[in-house]
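As structure tokens, the structure follows; a few thoughts come after it.
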Amino acid sequence: MLAFTPLIRVSGDSGTAQAVAEANAIFSTLPMRPPTGEILDFASVNELALPSEGRRAVVDLLRMLGAAAFTLLLLACVTVGHLLLTRGQSRRQEFAIRLALGATRRQLVREPLLEVCVLGCLAGLVAIGIFALMSSALDSLPLMVELSLRPSARVDGFSAALALAFTVLTVAICGIAPAMQAARRDAAEIVARGAGAMELATAKPVWLQAIVVAQVAICVLVVASSSVLIATARNESRAPLGFDPTNVMVARARFSLVSYSEARADGFMVEFAARLSALPQITTARSLREPLDAETLQSRVSRPGSPTERAVFANVVSPTYFDVLRIPLRGRTFEERTRFQAILSQAFADDKTFWDDVDPIGQMLRVPIELNGRIETVIHEVIGVAGDTKYASVRDEGIQLLYVQELTEIGALPVLLVRPEGDAAGLMSTARSVAAQIDGTVPIEIELMDQRLDRHVGPARVLAALMSGISLLAWGVAILGHLRTLFTARGQPHARNRSEDRARRR
Numbered sequence: 010m011l012a013f014t015p016l017i018r019v020s021g022d023s024g025t026a027q028a029v030a031e032a033n034a035i036f037s038t039l040p041m042r043p044p045t046g047e048i049l050d051f052a053s054v055n056e057l058a059l060p061s062e063g064r065r066a067v068v069d070l071l072r073m074l075g076a077a078a079f080t081l082l083l084l085a086c087v088t089v090g091h092l093l094l095t096r097g098q099s100r101r102q103e104f105a106i107r108l109a110l111g112a113t114r115r116q117l118v119r120e121p122l123l124e125v126c127v128l129g130c131l132a133g134l135v136a137i138g139i140f141a142l143m144s145s146a147l148d149s150l151p152l153m154v155e156l157s158l159r160p161s162a163r164v165d166g167f168s169a170a171l172a173l174a175f176t177v178l179t180v181a182i183c184g185i186a187p188a189m190q191a192a193r194r195d196a197a198e199i200v201a202r203g204a205g206a207m208e209l210a211t212a213k214p215v216w217l218q219a220i221v222v223a224q225v226a227i228c229v230l231v232v233a234s235s236s237v238l239i240a241t242a243r244n245e246s247r248a249p250l251g252f253d254p255t256n257v258m259v260a261r262a263r264f265s266l267v268s269y270s271e272a273r274a275d276g277f278m279v280e281f282a283a284r285l286s287a288l289p290q291i292t293t294a295r296s297l298r299e300p301l302d303a304e305t306l307q308s309r310v311s312r313p314g315s316p317t318e319r320a321v322f323a324n325v326v327s328p329t330y331f332d333v334l335r336i337p338l339r340g341r342t343f344e345e346r347t348r349f350q351a352i353l354s355q356a357f358a359d360d361k362t363f364w365d366d367v368d369p370i371g372q373m374l375r376v377p378i379e380l381n382g383r384i385e386t387v388i389h390e391v392i393g394v395a396g397d398t399k400y401a402s403v404r405d406e407g408i409q410l411l412y413v414q415e416l417t418e419i420g421a422l423p424v425l426l427v428r429p430e431g432d433a434a435g436l437m438s439t440a441r442s443v444a445a446q447i448d449g450t451v452p453i454e455i456e457l458m459d460q461r462l463d464r465h466v467g468p469a470r471v472l473a474a475l476m477s478g479i480s481l482l483a484w485g486v487a488i489l490g491h492l493r494t495l496f497t498a499r500g501q502p503h504a505r506n507r508s509e510d511r512a513r514r515r
């Protein structure tokens, strides 16, 4: 079957609904059978929802990491500002003596500001160097390896300029206020008080106490966020899937990349499954999509004689699908010689408003399916109820799912699920060899289902690990800041003589 998907860009002054209506009107005039004899698969034009779910997941991940980095930067600014303000308090006696000896306030402000600038520039260079060393490790993070969108962790001109801008901003925030505060009090007042001035210097103003409260609040915020993310990653890792992914190999053929007709693609998959099934102690199953696949399939079904319709997710599977994935089944599975049968998920079977409180097994269901390139509504008999499974994400709950029996008229099922009695990892090389013997030009992806599951929960795990590291770093920064403040306060009596000597030398 020859199929095409139109991509339409809507101009800014046109509504999407209007564009869809006009496109449907145009496609309704096209002939259903082109002169070449190929069948044109006609369908309504739908909106192209971008970004995709995978792209949105990566963007959300990067936004959360950016928010965490900004929070850590804010904590660092508060801590450094606290240290500089405390240091300015301890040097007030020195600044007062220098003012009495003829120094200007501009000179007093310039010195601590230059010290902060040098400190900030050195810290920025060290940060860029550390980031350059860690770039290879950041590139290997298991974000979404099957997506083409992956953040590039490389130090280029833009990232260096951004780091420089943040360094200047941090210096401005942390340096100007302490420098102005250090030279604010009148020199005569401090000199006249003599020894009592040191008590003034060591006293903790209200704004210093407020900074301490801000440090603790930011640390608590970061730790609470990391705790929530760790709990989310743990829950996703332990979430019941409804099927057993262990020791299952998944093979997906990409027929869209080669010039394969539906009949030829179906023949390839049938031959591929038959050769693998011929191996000892191996069970295979075919399906249109695999569990946790981002591409979804939906259908609107109804009961004969009832106007009620229900939009459900769907999948086309072979009779051994439930055995390979070990999905519990009430009733019976599909039969090879019987056509138009359906199996429901437990959530769909429990929909009392649709089934009128009757057991759905044995009931009839009107299902629109594509047969030989045309959408037809066919009566299906419900022969079983399968356990609920995750459909497109590990976060799915109560998905109403419809399993339809594979038919030759439906087309090729590009996914092959294989469960061997032995190790599935050792079967991967054999499967590649078998596929190459049939036709080496067909691109085929072979992996373990556990690996795909790890990719689904990988972003949450990575984010939880990074946030845990950021929270530990935040607490470390806050603790070091408080220890430095404590040591500075204890050294005040000895710092008095050193401040006077330093001021006289200058």
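Just so you know, this note's numbering puts 455 at position 446 of the sequence shown, and the rest follows in order with no gaps.
Note that beta-carbon positions come from the ideal geometry of N, C-alpha and C, so glycine has one too.
Just so you know, these numbers come straight off a predicted model, no measurement behind them.
The shortest C-alpha to C-alpha distance from glutamine 350 to any of Leu117, Val391, Ser265 and Arg284 is the one to Val391.
Following the DSSP letters along the chain, one finds isoleucine 447 inside the alpha helix (DSSP H) bounded by residues 437 to 448. In this chain, the alpha helix (DSSP H) harbouring isoleucine 106 covers 101 to 109. With a cutoff of 9 angstroms on beta-carbon distance, proline 316 and methionine 373 are scored as not near each other. Between the alpha carbons of aspartate 275 and leucine 288 lies a distance of about 21 angstroms. Membership of threonine 292 in the beta strand (DSSP E) is indicated by the continuous run 291 to 296. In this structure the segment 409 to 429 touches the segment 290 to 305; the number of beta carbon pairs closer than 8 angstroms is three or more. A direct Cα-to-Cα measurement between isoleucine 408 and alanine 323 gives close to 10 angstroms. Note on geometry: alpha-carbon atoms of leucine 482 and alanine 76 lie some 15 angstroms from one another.
The beta carbon of glutamine 355 sits closer than 8 angstroms to the beta carbons of Val394, Ala395, Gly396 and Asp397 from its chain, once the five residues preceding and following it are set aside; these are given in chain order. Straight-line spacing of the CA atoms in alanine 136 and cysteine 130 works out to 10 angstroms. The C-alpha of lysine 361 is placed about 9 angstroms away from the C-alpha of aspartate 368. Proximity to leucine 416 across Phe363, Lys399 and Glu344 peaks at Glu344, based on C-alpha coordinates.
As computed with DSSP, glutamate 454 is found in a beta bridge with Arg261. The residues Val231, Val232 and Ser235, in chain order, have a CB closer than 6 angstroms to that of serine 480 in the same chain once the five nearest residues on each side in sequence are set aside. Under the three-state reduction of DSSP output, glutamate 385 falls in the strand class.
Counting of Cβ neighbours within 10 angstroms places alanine 262 among the buried residues, the total reaching 16 or more. For glutamate 318, DSSP records a beta bridge to Ser311.
Here DSSP, grouped into helix, strand and coil, assigns leucine 422 to coil.
In this structure, methionine 476 sits near isoleucine 239, with a CB-CB distance shorter than 9 angstroms. Relative to the Cα of leucine 334, the nearest Cα in the group Ala174, Glu299 and Val325 belongs to Glu299. In this structure, Ile370 is the residue among Ile370, Phe363, Val310 and Glu318 with its C-alpha nearest to the C-alpha of leucine 338. Here isoleucine 447 is near phenylalanine 277, since their CB atoms are less than 9 angstroms apart. Per DSSP, the unbroken alpha helix (DSSP H) holding serine 286 starts and ends at 271 to 286. The C-alpha of isoleucine 384 is placed about 41 angstroms away from the C-alpha of glycine 435. If you draw a straight line from the Cα of aspartate 432 to the Cα of valine 180, it comes to about 58 angstroms. Residue burial annotation: glycine 133 is buried, with at least 16 other C-beta atoms found within 10 angstroms of its C-beta. Under the three-state reduction of DSSP, tyrosine 412 is assigned to strand. Annotation for glutamine 372: no beta strand (DSSP E) segment contains it, and DSSP assigns it neither H nor E.
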